[in-house]
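Data block below; observations after.
Protein chains: 2
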Amino acid sequence: MKLEVPGFVAGAIAAGIKKTEKKDLGVIFSEVPAYAAGLFTTNQVQAAPVLLDKERIKSGRCQAVVVNSGNANACTGPRGIEDARAMAHTAATALGIEEELVLVASTGVIGQPLDLAAIKSALPALAGHLSPSGLPDVAHAIMTTDTFPKALSRQAHIGDKTFTVAAVAKGAGMIRPDMATMLCFVLTDMGATPTALDTALRAAVNASFNAITIDGDTSTNDTVLMLANGLSGLNLADVRCAEAFQDLLNEVLATLALQIVRDGEGATKLVSIKVKGASSENDARQVAYTVANSPLVKTAFFGQDANWGRIMAAIGRAGVPVHPEAIHIYFDDVQMVKDGQGSGKEAEAAATTILKTDRFTITIDLNLGTHAATVHTCDLSIDYIKINADYRS
Amino acid sequence: MKLEVPGFVAGAIAAGIKKTEKKDLGVIFSEVPAYAAGLFTTNQVQAAPVLLDKERIKSGRCQAVVVNSGNANACTGPRGIEDARAMAHTAATALGIEEELVLVASTGVIGQPLDLAAIKSALPALAGHLSPSGLPDVAHAIMTTDTFPKALSRQAHIGDKTFTVAAVAKGAGMIRPDMATMLCFVLTDMGATPTALDTALRAAVNASFNAITIDGDTSTNDTVLMLANGLSGLNLADVRCAEAFQDLLNEVLATLALQIVRDGEGATKLVSIKVKGASSENDARQVAYTVANSPLVKTAFFGQDANWGRIMAAIGRAGVPVHPEAIHIYFDDVQMVKDGQGSGKEAEAAATTILKTDRFTITIDLNLGTHAATVHTCDLSIDYIKINADYRS
């Protein structure tokens with residue numbers, strides 16, 4: 224896949240932060256200062272790069288992102304903040320730009336000091352070899368336990384002009400080492416004010432990264448950054464551009480979000496939990512998340528067991544008023560529960576066939592109202608325990 | 224252990240509800256009508272016996288409990304209620320008492336009709352063979368995936384009189400088949416009004432069964448019943464009796480609760496999560512539960528990995544305001560985190576030694592206030608996934 228976005232160059236290198244020889248340091252650079260928006264973890268324990276970026280993003284401007292894997296620079300105290308600043312400073316010097324225009328991200332082990340010497344030593348060479356086709360290297364450099372790199376690019380046309388939205392991401396949830404960090408960097412040549420970018424990013428993230436779950440854990444480092452350099456000659460101020468851009472951005476982030484769930488540690492199945500007939504969207508979302516995070520439900524998916532009783536029980540403890548005797552549950556198009564009771568052995572046989580596939584949808588109709596929400600999750604497997612228990616031992 | 228309580232007889236039988244030849248039907252009978260209190264699941268999806276008992280317990284009186292394993296009689300609609308009533312009716316007839324004085328409990332598979340014929344056929348013979356020493360048989364008959372029966376008896380003296388508190392229980396959390404059902408039946412010869420019994424039971428349950436977690440799932444069938452027949456000649460109206468009784472009841476239920484966690488499916492470790500220095504007891508409890516239910520934290524326990532970063536991250540997402548840089552974390556008496564940062568390699572080595580044992584305490588000091596709470600949990604192991612995934616397949 225071609226991941227080039229006009230005006231952006233990127234690259235990655237093995238700086239020696241990871242114990243392996245793999246790439247672990249990446250840079251994304253916009254040839255002109257770009258506008259920027261960012262969304263960060265809601266965890267109160269926040270890594271140093273998150274704290275730094277939250278300050279800097281207030282300017283709405285950014286020209287470069289420097290990111291490492293192998294170390295989260297989290298729970299590292301004042302030294303962690305100094306290290307994050309030094310990482311940005313070194314990148315700014317190497318790229319010849321203002322330090323304030325550099326944002327930073329880290330993922331990996333929590334609680335160990337960053338190997339700043341390795342980063343300082345590698346950055347000048349890396350900065351000298353950035354290329355328009357370097358984004359896939361960044362997708363590799365941010366991987367931790369991801370089994371495949373996640374990157375995507377889409378284009379659309381407005382009149383005779385073209386704009387591009389490209390993004391790289393790394394996995395969320397049950398991620399060894401240590402944390403469920405989700406990172407995503409979005410690049411576009413669309414023009415926009417920081418406010419318009421922020422609005423578009425929030426909407427797209429709500430429908431993508433905020434609608435997936437692997438284990439309900441939230442990382443100290445989760446970061447989504449979007450840079451817009453305006454080189455397409457188009458601007459979000461034009462309503463046609465705004466609509467086309469939102470559609471493209473939604474598509475790119477939703478696709479990456481599903482890739483992240485599919486690559487959840489040990490995951491063998493991608494399952495969408497759709498709740499409809501709820502009294503509010505919030506209720507629908509809460510029920511969907513409770514079912515999507517239930518270890519009993521997720522283990523039944525792994526075991527290919529049409530165990531609808533566990534789904535009923537998860538609905539009943541979601542903290543949302545329901546009428547159990549009004550609930551219908553479908554496995555794809557097979558009705559497994561009608562009015563709160565099982566549909567019988569024939570439906571169970573059909574549902575079991577569906578559970579043998581690696582992609583299906585559980586639809587829960589609460590029959591209370593008109594609101595709906597969907598959350599994407601994965602199964603809970605033996606490999607997940609192995610991956611997360613064996614780390615560091 | 225001697226489990227006899229004056230005035231109570233009990234027994235159990237293999238009625239054929241379970242596919243195996245194991246005991247699956249039990250009866251507890253008080254020779255005089257007893258006063259009673261009950262606490263039931265907060266899940267909105269409630270099994271038929273729970274719905275029936277919640278009505279009957281309002282009278283504050285009970286003379287017999289009939290309980291089966293192998294079938295939860297949950298999500299079974301109007302037929303389920305009829306079956307629960309018929310089970311009570313059959314027991315009442317066999318025992319020669321009023322039907323309204325019989326309470327019912329079930330645990331096992333959800334969503335399948337009860338084998339009422341088997342129960343009706345077995346109850347008369349069972350009722351004819353109840354004995355003062357029959358309580359251990361009931362402990363066996365309520366087991367599902369429990370690996371050992373849970374029963375306990377304690378006595379205390381007030382002046383020249385003696386009273387007994389005995390209880391049987393079955394496991395909570397990640398219980399195959401289907402659900403995390405916790406059942407407990409408490410018998411005493413203390414005298415009490417239903418109101419006094421209810422107050423004592425709530426206090427004891429809050430400090431025991433409501434302070435344990437295995438997977439955060441809540442069953443459709445959870446039931447705790449306490450019967451008091453007054454034959455000791457003592458009464459809770461006497462403040463000395465009330466204090467001694469509460470102490471004994473607390474001890475019995477807390478011990479059973481820890482047995483349940485130790486017997487959690489696949490569990491290899493019993494871990495207490497103690498949160499102190501919180502702004503309120505509710506905050507302390509919420510942080511403790513979030514840590515105790517985090518799959519990443521529980522998997523690290525299984526892996527004997529002193530992965531304090533996962534604990535910090537769970538604290539940060541618990542929904543309680545915290546100052547990360549003020550947090551201390553101890554593994555037993557080893558300080559692993561000081562002011563939100565790791566204490567270094569020496570502490571980690573010491574903590575790893577502690578993690579190799581099967582019983583330890585994680586103490587989290589939020590350094591915000593004076594309130595505390597403790598939750599008991601277990602690790603998340605490969606066997607848990609196997610047990611819960613393989614069921615019915």
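Heads up: the sequence lines are chains G and L, in that order.
By this note's numbering, the letter at position 295 of the first sequence is numbered 518, and the numbering carries on one by one without gaps.
By this note's numbering, the letter at position 357 of the second sequence is numbered 580, and the numbering carries on one by one without gaps.
Cβ atoms here follow ideal geometry from the backbone N, Cα and C, with glycine treated the same way.
According to the DSSP secondary-structure assignment, Phe231 (chain L) is paired through a beta bridge with L:Ser253. In the DSSP assignment, Asp421 (chain L) falls outside any beta strand (DSSP E) and lies within the alpha helix (DSSP H) extending over Pro417 to Asn429. Counting only Cβ-Cβ distances below 8 Å, Ser442 (chain L) has contacts in chain G at Ala536, in chain order. Rounded to whole angstroms, the Cβ separation of Ile585 (chain L) and Val494 (chain L) is 6 Å, and the two are in contact under 8 Å. Under the Cβ criterion of 8 Å, Asp588 (chain L) is not counted among the residues facing chain G. If the five residues before and after Glu548 (chain G) are omitted, its C-beta is found closer than 7 Å to the C-beta atoms of Asp562 and Gly563, all from its own chain and listed in chain order.
Taking the CA atoms as reference points, Ser329 (chain G) sits about 19 Å from Gly357 (chain G). Contact check between the region 349-363 of chain G and the region 226-237 of chain G: three or more CB pairs, one atom from each, fall below 8 Å, which counts as touching. The criterion of a C-beta distance shorter than 8 Å is satisfied by Ala259 (chain L) and Ile280 (chain L). The C-beta separation of Leu248 (chain G) from Ala364 (chain G) comes to about 6 Å, placing the pair in contact by the 8 Å criterion. The distance from the Cβ of Asn291 (chain G) to that of Ile342 (chain G) is about 7 Å, consistent with a contact at the 8 Å cut-off. DSSP places Asp588 (chain G) in no alpha helix (DSSP H) but in the uninterrupted beta strand (DSSP E) bounded by Arg582 to Asp588. Comparing alpha-carbon positions, the option among L:Gln335, L:Thr299 and L:Gln286 lying closest to Ala317 (chain L) turns out to be L:Gln286. Using a Cβ-Cβ cut-off of 8 Å, Ser503 (chain L) does not count as an interface residue toward chain G, since no Cβ of chain G sits closer than that to its own. DSSP, reduced to helix, strand and coil, places Phe408 (chain L) within a strand of the structure shown. Under the 8 Å Cβ criterion, the region 530-540 of chain G counts as touching the region 441-448 of chain L, having at least three qualifying pairs. DSSP, read as helix, strand or coil, puts Leu326 (chain L) in strand. The beta carbon of Val388 (chain L) is closer than 6 Å to those of Arg377, Thr411, Leu471, Leu472 and Val475 in its chain, skipping five residues each way along the sequence. Counting C-beta pairs closer than 8 Å gives fewer than three between the region 413-420 of chain L and the region 485-502 of chain L, which falls short of the contact rule.
Less than 8 Å separates the beta-carbon of Asp306 (chain G) from that of Leu337 (chain G). Under the three-state reduction of DSSP output, Gly563 (chain L) falls in the coil class, being neither helix nor strand. The three-state reading of DSSP puts Gln558 (chain G) in strand, counting E and B together. Leaving aside the five residues that flank Gly439 (chain G) on each side, the residues in its chain whose CB is nearer than 7 Å to its CB run, in chain order, Asn516.
Look at Val475 (chain L) here: in three-state DSSP terms it is helix. Close to Thr522 (chain L), with beta-carbon spacing below 7 Å, are these residues of chain G in chain order: Ile608, Asn611 and Ala612. Using beta-carbon distances, Gly487 (chain L) does not count as an interface residue toward chain G, since no partner is under 8 Å.
By the 16-neighbour rule on beta-carbons within 10 angstroms, Arg582 (chain G) is exposed. When only Cα atoms are considered, Glu322 (chain G) and Ala314 (chain G) end up about 8 Å apart.
Residue pairing by DSSP puts Ser376 (chain G) in a beta bridge opposite G:Ala389. Below the 7 Å Cβ cutoff, chain L contributes no neighbours of Asn458 (chain G), its closest Cβ being approximately 38 Å away. Beyond the five residues adjoining it in sequence on each side, Ala270 (chain L) comes within less than 7 Å, by CB distance, of Ala295, Asn296, Ala297, Ser329, Thr443 and Asn444 in the same chain, given in chain order. With a threshold of 8 Å between beta carbons, Gln558 (chain G) makes no contact with chain L. Judged by pairs of C-beta atoms under 8 Å, the region 594-605 of chain G touches the region 495-503 of chain G, as three or more such pairs exist. Residues of the same chain with a CB within less than 8 Å of the CB of Ile552 (chain G), apart from the 5 flanking positions on each side, are Trp531, Ile534, Met535, Gln558, Met559, Val560, Ile585, Thr586, Ile587 and Asp588 in chain order. Below the 8 Å Cβ cutoff, chain L contributes no neighbours of Leu262 (chain G), its closest Cβ being approximately 16 Å away. For the pair Ala426 (chain G) and Ala467 (chain G), the Cα-to-Cα distance works out to about 14 Å.
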